[in-house]
Amino acid sequence: MAQVRLEHIYKRFGTVEVVKDINLEILDGEFLVLVGPSGCGKTTILRMIAGLEEISDGNLFIGDKLVNDVPPKDRDIAMVFQNYALYPHMSVFENMAFSLKLRGIPRQDIEQRVATAADMLELRPYLKRRPKELSGGQRQRVALGRAIVREPKVFLMDEPLSNLDAKLRVQTRAEISRLHLRLRRTTVYVTHDQTEAMTMGDRIVVLSGGVIQQLGTPQELYDHPANQFVAGFIGSPSMNFFPNTKVTRSDGTVRVGVGDQYLTLPQDVADRVKGFEGREVTLGLRPEAFTNVADASAGSTLTGTVDVVEHLGNEQLVYAKVSGATVLARVDPSVHARAGDNITLGVRTDHMHVFDPETTKALTSLQVARA
Amino acid sequence: MQATFAPTDEVRESTGMSGAALPPGRRGPLARREERLAFAMLTPVLLALFALGLYPAITTVWYSLQSGGYQGINTSYAGFANYIRLFHDPLFWSSLRFSLLFSIITVSGQMILGTALALFANAKFPGRWVLRAAILFPWAIPTATNSVIWAYMFNYQYGLFNSILIHLHVITPATTINWLGGTTSATVLIYIIAIWKANSLVALLVLAGLQSIPDEIYEAARVDGATYFQTLWRVTLPLLRPTLIVALIVRIIESLQAFDIISAFTNGSPGTSTQNLGLYIYSEISNGDFGYSSTIATVVMVLTVAFIFFYLRTLTRSASAR
Numbered sequence: 229m230a231q232v233r234l235e236h237i238y239k240r241f242g243t244v245e246v247v248k249d250i251n252l253e254i255l256d257g258e259f260l261v262l263v264g265p266s267g268c269g270k271t272t273i274l275r276m277i278a279g280l281e282e283i284s285d286g287n288l289f290i291g292d293k294l295v296n297d298v299p300p301k302d303r304d305i306a307m308v309f310q311n312y313a314l315y316p317h318m319s320v321f322e323n324m325a326f327s328l329k330l331r332g333i334p335r336q337d338i339e340q341r342v343a344t345a346a347d348m349l350e351l352r353p354y355l356k357r358r359p360k361e362l363s364g365g366q367r368q369r370v371a372l373g374r375a376i377v378r379e380p381k382v383f384l385m386d387e388p389l390s391n392l393d394a395k396l397r398v399q400t401r402a403e404i405s406r407l408h409l410r411l412r413r414t415t416v417y418v419t420h421d422q423t424e425a426m427t428m429g430d431r432i433v434v435l436s437g438g439v440i441q442q443l444g445t446p447q448e449l450y451d452h453p454a455n456q457f458v459a460g461f462i463g464s465p466s467m468n469f470f471p472n473t474k475v476t477r478s479d480g481t482v483r484v485g486v487g488d489q490y491l492t493l494p495q496d497v498a499d500r501v502k503g504f505e506g507r508e509v510t511l512g513l514r515p516e517a518f519t520n521v522a523d524a525s526a527g528s529t530l531t532g533t534v535d536v537v538e539h540l541g542n543e544q545l546v547y548a549k550v551s552g553a554t555v556l557a558r559v560d561p562s563v564h565a566r567a568g569d570n571i572t573l574g575v576r577t578d579h580m581h582v583f584d585p586e587t588t589k590a591l592t593s594l595q596v597a598r599a
Numbered sequence: 120m121q122a123t124f125a126p127t128d129e130v131r132e133s134t135g136m137s138g139a140a141l142p143p144g145r146r147g148p149l150a151r152r153e154e155r156l157a158f159a160m161l162t163p164v165l166l167a168l169f170a171l172g173l174y175p176a177i178t179t180v181w182y183s184l185q186s187g188g189y190q191g192i193n194t195s196y197a198g199f200a201n202y203i204r205l206f207h208d209p210l211f212w213s214s215l216r217f218s219l220l221f222s223i224i225t226v227s228g229q230m231i232l233g234t235a236l237a238l239f240a241n242a243k244f245p246g247r248w249v250l251r252a253a254i255l256f257p258w259a260i261p262t263a264t265n266s267v268i269w270a271y272m273f274n275y276q277y278g279l280f281n282s283i284l285i286h287l288h289v290i291t292p293a294t295t296i297n298w299l300g301g302t303t304s305a306t307v308l309i310y311i312i313a314i315w316k317a318n319s320l321v322a323l324l325v326l327a328g329l330q331s332i333p334d335e336i337y338e339a340a341r342v343d344g345a346t347y348f349q350t351l352w353r354v355t356l357p358l359l360r361p362t363l364i365v366a367l368i369v370r371i372i373e374s375l376q377a378f379d380i381i382s383a384f385t386n387g388s389p390g391t392s393t394q395n396l397g398l399y400i401y402s403e404i405s406n407g408d409f410g411y412s413s414t415i416a417t418v419v420m421v422l423t424v425a426f427i428f429f430y431l432r433t434l435t436r437s438a439s440a441r
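In order, the protein sequences belong to chains G and S. For what it's worth, our numbering labels the leading residue of the first sequence as 229, then goes sequentially. For what it's worth, our numbering labels the leading residue of the second sequence as 120, then goes sequentially.
Here it is as structure tokens:
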């Protein structure tokens with residue numbers, strides 16, 4: 229059993245509380261991603277699990293064992309560091325074999341384990357090289373190899389892809405996912421990149437200010453963001469927010485106003501924001517919630533002026549001014565849009581998100597709620 | 120057919136690109152201008168180095184082939200006579216022996232103590248800046264002053280150490296210890312003060328080396344299961360190797376040339392038991408034998424240059440290793 233359990237975990241540096249009341253159960257064999265902006269406490273949580281950081285308060289269990297005061301070497305974990313942390317004076321083989329040598333494992337076993345890991349990571353030709361003779365991607369694979377040979381209960385990875393270029397990052401991301409599927413070890417992965425989190429994690433923990441904002445599968449977070457922070461953080465490009473949007477009812481129809489324009493809410497959506505009629509809410513629309521206007525019905529379009537168009541080949545990102553707000557829409561490349569043009573964007577109202585402006589909590593995530 | 124990726128004339132025109140390609144192997148005008156600037160900047164230093172380093176060195180070798188005289192006055196060409204004399208001179212051999220022993224013992228002590236201090240000063244504990252400042256203290260005292268202070272402290276009549284021993288009733292005023300009068304005690308004491316004086320430099324260099332090792336490496340070692348001493352032996356010291364070698368060579372060169380620290384402490388006494396090559400050179404100059412003193416100086420120079428070459432090779436190697 230290699231589940232990891234965090235119970236009311238706190239971390240304080242002096243008087244500053246950087247991690248607050250974290251309660252989390254990471255399942256055996258699960259790939260859990262901790263994601264959030266810089267300073268949200270994700271790396272601190274990982275370091276506490278590793279034993280590299282003292283826990284100020286709370287209990288940490290690996291398996292059934294309370295490990296608060298257990299040194300890193302006795303926690304049966306392996307860690308992949310952001311800057312690889314390879315020993316520069318050792319060869320790739322020695323780097324991978326170091327922990328095994330320290331544990332007094334026989335030479336033959338060490339060689340076999342390193343060879344297996346090296347084959348898995350295609351490192352066989354580089355075993356005699358020093359880290360400085362390797363590319364960034366190869367170094368990262370050595371760091372992974374060093375973790376794998378230990379056959380630990382838990383893998384901890386601290387932004388392991390952040391030093392790689394964009395193409396290599398995508399490749400290594402897939403490699404790590406493949407590796408996880410093969411080894412099925414409990415993995416805690418820290419990143420600030422929501423794309424990494426979405427593509428790799430079985431579940432994702434979104435953190436901000438040392439507090440868990442939401443825990444869920446990638447799809448749950450995308451469809452049901454618990455609050456405005458999660459809604460803005462998950463999804464790329466980010467969700468568009470329209471603050472001070474008034475909810476009104478006339479002739480039995482509930483609408484939300486966007487400047488001098490309005491969007492009609494479907495009935496079930498209207499039911500969910502009943503308590504907010506006559507009041508202001510924050511409206512959230514993902515860039516992909518916009519459609520070709522031909523598909524749109526009355527009360528589900530927004531008109532504005534094109535500001536900038538980014539052509540990506542398979543799609544285009546249109547920045548438009550809509551009633552004073554800047555809106556980013558992901559539209560089909562067949563839509564002809566140029567800076568300065570007037571544009572009418574269709575809105576999939578069933579993809580709208582509505583947030584309480586005071587608490588920033590989601591009032592509803594309509595699409596999934598209906599499903 | 121090979122594709123060409125050079126910009127077309129239209130692209131050059133529209134983007135304002137210009138300039139003809141250089142033939143392979145030829146440096147462009149920008150590179151040549153940088154070279155000229157580099158030489159212009161280096162010339163004053165090269166001239167100063169020649170005047171202050173190379174010229175005295177060549178002159179020393181020249182004088183080593185002369186007999187007697189002072190600063191070239193009343194000297195006569197003697198060929199290798201001085202070198203033959205040196206070979207048969209027991210005082211030269213005892214001075215060389217002391218110089219080498221002094222280097223080996225004091226540099227070893229400085230390396231061990233300096234590294235230990237640096238490791239201690241690199242640890243995280245409250246008020247470590249006090250220790251870091253204290254490490255520098257011996258280095259901040261001028262060498263001659265340092266030796267004179269120590270010589271006073273070991274003075275057999277009114278020295279601090281005898282006074283302490285008297286107060287502790289270990290000795291009486293009538294039986295004070297003549298620390299600097301005994302061959303063994305004077306030699307050991309000179310080793311101690313030389314270690315005390317220069318371990319600061321080693322500590323400073325090693326501390327800088329330690330601070331260049333990323334914390335993540337130590338953390339990786341902790342996760343890998345290394346104890347403090349395993350980390351020290353297998354990670355820290357190997358990573359400090361270039362720094363340690365530089366410190367070692369610098370200290371060896373300096374210790375081979377030591378003069379003031381011994382001169383102000385024992386001045387080679389008792390007898391000539393603590394006389395090194397530096398003091399021997401000085402005594403021969405004082406005796407007016409400029410030729411012979413230059414011969415001894417040439418030997419010191421050759422020894423030192425050998426270490427400098429070793430030093431430069433190490434520096435180049437560690438630079439390429441990075």
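By construction, the Cβ of each residue, glycine as well, lies at the ideal position given by its N, Cα and C atoms.
- Under the 9 Å criterion on CB atoms, Asp208 (chain S) is classed as non-interfacial with respect to chain G.
- Three or more beta-carbon pairs drawn from the segment 456 to 472 of chain G and the segment 546 to 556 of chain G are found closer than 8 Å, and the two stretches are therefore classed as touching.
- Trp212 (chain S) is classed as exposed because its beta carbon has fewer than 16 other beta carbons within 10 Å across all chains shown.
- In chain order, Pro333 and Glu335 make up the part of chain S whose C-beta sits under 8 Å from the C-beta of Asn311 (chain G).
- Taking Arg233 (chain G) as the centre and dropping the five residues before and after it, the same chain places the C-beta of Glu253 and Phe289 closer than 6 Å to its C-beta, in chain order.
- Below the 7 Å Cβ cutoff, chain S contributes no neighbours of Tyr417 (chain G), its closest Cβ being approximately 16 Å away.
- Leu330 (chain G) reaches chain S at Asp343, Gly344, Ala345 and Gln349, counting residues in chain order whose Cβ is nearer than 7 Å.
- Straight-line measurement puts the Cα of Thr510 (chain G) at about 19 Å from the Cα of Gly574 (chain G).
- Closest by C-alpha distance to Thr262 (chain S), out of S:Thr346, S:Ala383 and S:Asn297, is S:Ala383.
- Straight across, the Cα-Cα distance linking Ile312 (chain S) with Arg204 (chain S) is about 33 Å.
- By a beta-carbon distance limit of 8 Å, Ile427 (chain S) does not contact Ala416 (chain S). Their separation comes to about 16 Å.
- Residue pairing for Met307 (chain G): DSSP places it in a beta bridge opposite G:Leu384.
- Listed along the chain, the chain S residues whose CB falls inside 7 Å of the CB of Ser327 (chain G) are Asp343 and Gly344.
- Secondary structure of Tyr417 (chain G) (DSSP, three-state): strand.
- In terms of beta-carbon proximity, Leu238 (chain S) stays away from the interface with chain G, with every pair separated by 9 Å or more.
- By alpha-carbon distance to Ile296 (chain S), the top candidate from S:Gly278, S:Leu287, S:Trp352 and S:Ile309 is S:Gly278.
- Chain G places a beta carbon closer than 9 Å to that of Arg360 (chain S), counting this residue as a contact.
- Within chain S, no residue has its CB atom less than 9 Å from the CB of His564 (chain G), the nearest being about 25 Å off.
- Here Lys239 (chain G) is buried, its C-beta having at least 16 other C-beta atoms within 10 Å.
- Taking all protein chains shown into account, Phe199 (chain S) has fewer than 16 neighbouring C-beta atoms within 10 Å of its C-beta and is therefore exposed.
- The beta-bridge partner set that DSSP reports for Glu508 (chain G) consists of G:Lys474.
- Scanning S:Thr362, S:Gly300 and S:Thr194 for the CA closest to the CA of Gln330 (chain S) turns up S:Thr362.
- For the segment 240 to 261 of chain S, the set of positions with a beta-carbon nearer than 9 Å to some beta-carbon of chain G is empty.
- Between the C-alpha atoms of Leu262 (chain G) and Lys243 (chain S) there is a straight-line separation of about 29 Å.
- Distance from the Cα of Asn472 (chain G) is smallest, within the candidate group G:Thr481, G:Gly487 and G:Val458, for G:Gly487.
- Assigned with DSSP and collapsed to three states, Asp337 (chain G) falls in helix.
- When CB distances to chain S are screened at a threshold of 9 Å, the residues of the segment 269 to 303 of chain G falling below it are Arg275, Ala278, Gly279, Leu280, Pro299, Pro300, Lys301, Asp302 and Arg303, in chain order.
- The CB of Val354 (chain S) comes closer than 7 Å to the CB of Tyr315 in chain G, given here in chain order.
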